[in-house]
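What follows is a short report on a single structure.
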Amino acid sequence: SYAGDAANANVGSLGKLLWRWKGSIWKAVYLELLLWLLAYGCCSLIYHFYLDNEQKRYFEAVCVFFAKYEGLVPLTFMLGFYVSVVISRWWDMFTNIGWIDMPALYITNHIHGSDEHSRMIRRNLVRHLLFYQVLAYRDISVVIRERFPTLETCVAAGYITAEELAKFRNIGSRFPQYWTPIAWVMSRLRKCYNEGRIESPQAYQDIQQQVMYFRGALGTLLGYDWVPIPLLYSQVVSLSVRIYFLLAVLGRQNLQQAVDDKYIDPINMYFPIMSTIQFVFYVGWLKVAEALLNPFGRDDDDLEINWLLDRNLEVGFMIVDERDEVVLTKDNFWSESVIYPLYSEDTVKQAHNPMVGSAVNMKLRTNSTVMVPRLIDDEAEYMHRSNSIFSMAPLVNLQRRLSRMGNAVGPEEGNDSRRNSHKVSISNSNSVMHSPIPRPSSAIPHNLGELHVVVEEEEEGDWKKKW
8 SYAGDAANAN
18 VGSLGKLLWR
28 WKGSIWKAVY
38 LELLLWLLAY
48 GCCSLIYHFY
58 LDNEQKRYFE
68 AVCVFFAKYE
78 GLVPLTFMLG
88 FYVSVVISRW
98 WDMFTNIGWI
108 DMPALYITNH
118 IHGSDEHSRM
128 IRRNLVRHLL
138 FYQVLAYRDI
148 SVVIRERFPT
158 LETCVAAGYI
168 TAEELAKFRN
178 IGSRFPQYWT
188 PIAWVMSRLR
198 KCYNEGRIES
208 PQAYQDIQQQ
218 VMYFRGALGT
228 LLGYDWVPIP
238 LLYSQVVSLS
248 VRIYFLLAVL
258 GRQNLQQAVD
268 DKYIDPINMY
278 FPIMSTIQFV
288 FYVGWLKVAE
298 ALLNPFGRDD
308 DDLEINWLLD
318 RNLEVGFMIV
328 DERDEVVLTK
338 DNFWSESVIY
348 PLYSEDTVKQ
358 AHNPMVGSAV
368 NMKLRTNSTV
378 MVPRLIDDEA
388 EYMHRSNSIF
398 SMAPLVNLQR
408 RLSRMGNAVG
418 PEEGNDSRRN
428 SHKVSISNSN
438 SVMHSPIPRP
448 SSAIPHNLGE
458 LHVVVEEEEE
468 GDWKKKW
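Residues 8 to 474 in the working numbering are what the sequence shown spells out, letter by letter.
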């Protein structure tokens, strides 16, 4: 892992990364690069020292032809899309490699009992889940297949007993029996629930869900192995890159003469510097996809599945056996109203960047607490907006009615015998409700200390508020 070397983004970290060998671009491309440079050098020697003038002209015509049409290969597009698909699959595979922690924690928390039989139940549940994991990885990883070439080796490794293996084989299914250990686990959980070792249906359901998550994660890996990226796409990308540089052996030659002067380098660079750099980048880009296409092999960047199986076996048994609760005690900050975290002497003076909003340090006027409404003095502007979807004309009409009637009910009260008008007044001497609508001049003063709302009642008794 190079994560420690990349902790700081500086030149020193870059130098440490570039000088690594295991899993590096240099290790991935050096062999093909040497072969390409060897082919390039042989063609260059033959051109300069073994061909006569007529043969040189023909050789130069061939080189110009390849150099002219090499840009027709959409190398960047194909490589970019292919690598993005491969990396997406690789990351999804990593997130589904199968950790035993969650199922084991749920098992030890919900299956109670400190006797030997209860402990045996919990350990058997974990062991059968791990046996299912071994079955899955034996079929998709050559490393695990070499470790467990037969099912008898699983018996010797402690993942299954001889009696269980005989029962496993007696099922006689024509298809892979990945489901058998999971079925044993589910059957044992149901029996525990019926015996009262699992106290509630919710706890029983929680353990089942964790078992299904564990099974589904490894099932995802089996699906990726069964349905890889289409072979056609992998072949197209791999052949495109290699054929491109195979043709570049001739297309990048340093020519003495050519039909077009742009194919002649002004400086006789007998070593193809720019072509070498391009080769390292493009072939290295392709090697990324080839290394991550199947992360369960022996490449430097492949996942350490052997370590994962060893870790799950030990941690799973330790989790289900560790049932002693720690003694309750007061923490070091029990009597402190303000907690001051502690640092080592080397880190106490390091600068911190706490979470502070980007608008916190704005310089604003803070000596005023007055809040005022947004007033518009021109009534024509409201009338101009009356034709839009945000029409203000009803507000203007309401303001006119309120201005005309003052503190009394409007004249429409007696005009319509079918409707009853009501006046609701909200008075507050400390706060004044200012209408944002300009009032036309009126002889009747309007009391700014009261808010008047005219509500009309329909004949059927339905109430509605009119603007």
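Glycine included, each C-beta is placed from N, C-alpha and C at the ideal position.
Quick check on residue i: buried or exposed, where buried means 16 or more other Cβ atoms within 10 Å of its Cβ?
i    : result
H359 : exposed
A173 : exposed
N17  : exposed
G203 : exposed
M378 : exposed
Q140 : buried
N177 : exposed
P110 : buried
V234 : exposed
I53  : exposed
L42  : exposed
L21  : exposed
Y231 : buried
Y347 : exposed
R222 : buried
R57  : For clarity, residue 57 is Tyr in the given sequence; the question names Arg instead. Exposed: under 16 other Cβ atoms inside 10 Å.
V36  : buried
G179 : exposed
L225 : buried
Sort the options by Cα distance to residue i and report the nearest one.
i    : options                : result
A164 : E170, F155, E171       : F155
R126 : L238, A224, M325, G22  : M325
L229 : L320, D308, Q260, D99  : D99
L82  : F286, Y37, T354        : F286
L40  : G226, P380, C161, G291 : G291
I280 : V345, R197, Q260       : Q260
R95  : C161, V322, L196, L299 : At residue 95 the sequence reads Ser, which differs from the Arg that was named. When only C-alpha atoms are compared, the closest one is L299.
L262 : W33, T227, F66         : F66
L196 : Y113, P361, L38        : Y113
S91  : S344, A366, D59, I236  : I236
Go through its chain and collect everything with a Cβ distance to residue i's Cβ below 6 Å, but skip five positions before and after it.
i    : result
L293 : V248
Y89  : V244, A296
L371 : none
W28  : K34
W97  : L299, P302
Counting only the same chain and skipping the five closest in sequence on each side, list residues whose C-beta sits under 7 Å from that of residue i.
i    : result
G258 : C70, F73, A74, E77
L310 : F101, I104, P302, F303
L158 : L172
C199 : I118, I128, I205
L239 : none
A255 : E77, S282
W26  : none
Output needed for residue i: all residues of its chain with C-beta closer than 8 Å, excluding positions within five of it in sequence on either side, in chain order.
i    : result
G304 : S148, V149, V150
P183 : L142, D146
Y289 : L82, L86, V248, Y251, F252
S351 : none
N483 : As displayed, the chain neither begins before 8 nor continues past 474, which places residue 483 out of reach and without an answer.
Q264 : K63, R64, E67, I271
V333 : none
G19  : none
Are there three or more Cβ pairs, one per stretch, closer than 8 Å when the region 209-226 is compared with the region 110-117?
Between the region 209-226 and the region 110-117 there are three or more inter-stretch CB-CB distances shorter than 8 Å, so the stretches are counted as touching.
Does the structure place the region 126-141 close enough to the region 178-193 that three or more beta carbon pairs sit under 8 Å?
Judged by Cβ distances under 8 Å, the region 178-193 makes contact with the region 126-141, as three or more pairs qualify.
Touching by the beta-carbon criterion (3+ pairs, under 8 Å), the region 297-317 and the region 97-109
Cβ pair count under 8 Å is three or more, so yes.
State whether the region 284-301 contacts the region 47-60, with contact taken as three or more CB pairs (one from each stretch) at a distance under 8 Å.
No: fewer than three Cβ pairs fall under 8 Å.
How do the region 190-197 and the region 214-231 stand: do at least 3 beta-carbon pairs fall below 8 Å, yes or no?
Segments in contact, yes.
In chain order, what are the residue ranges of uninterrupted alpha helix (DSSP H) at least 4 long that sit wholly in the region 56-135?
For the region 56-135, whole alpha helix (DSSP H) runs of length 4 or above, ordered along the chain, are 60-76, 82-101, 108-117.
Output the residue ranges of the alpha helix (DSSP H) runs that lie fully inside the region 199-245 and measure 4 residues or longer, sorted by chain position.
Complete alpha helix (DSSP H) runs here, min 4: 208-233.
Run through the region 25-60 for me and flag every whole beta strand (DSSP E) of 3 or more residues, listed as ranges in chain order.
Runs of the beta strand (DSSP E) lying entirely within the region 25-60 and spanning at least 3 residues: none are present.
Go through the region 307-389 residue by residue and report every complete run of the alpha helix (DSSP H) that reaches 4 residues or more, in order.
If we require 4 residues or more, the alpha helix (DSSP H) runs fully inside the region 307-389 come out as 312-328.
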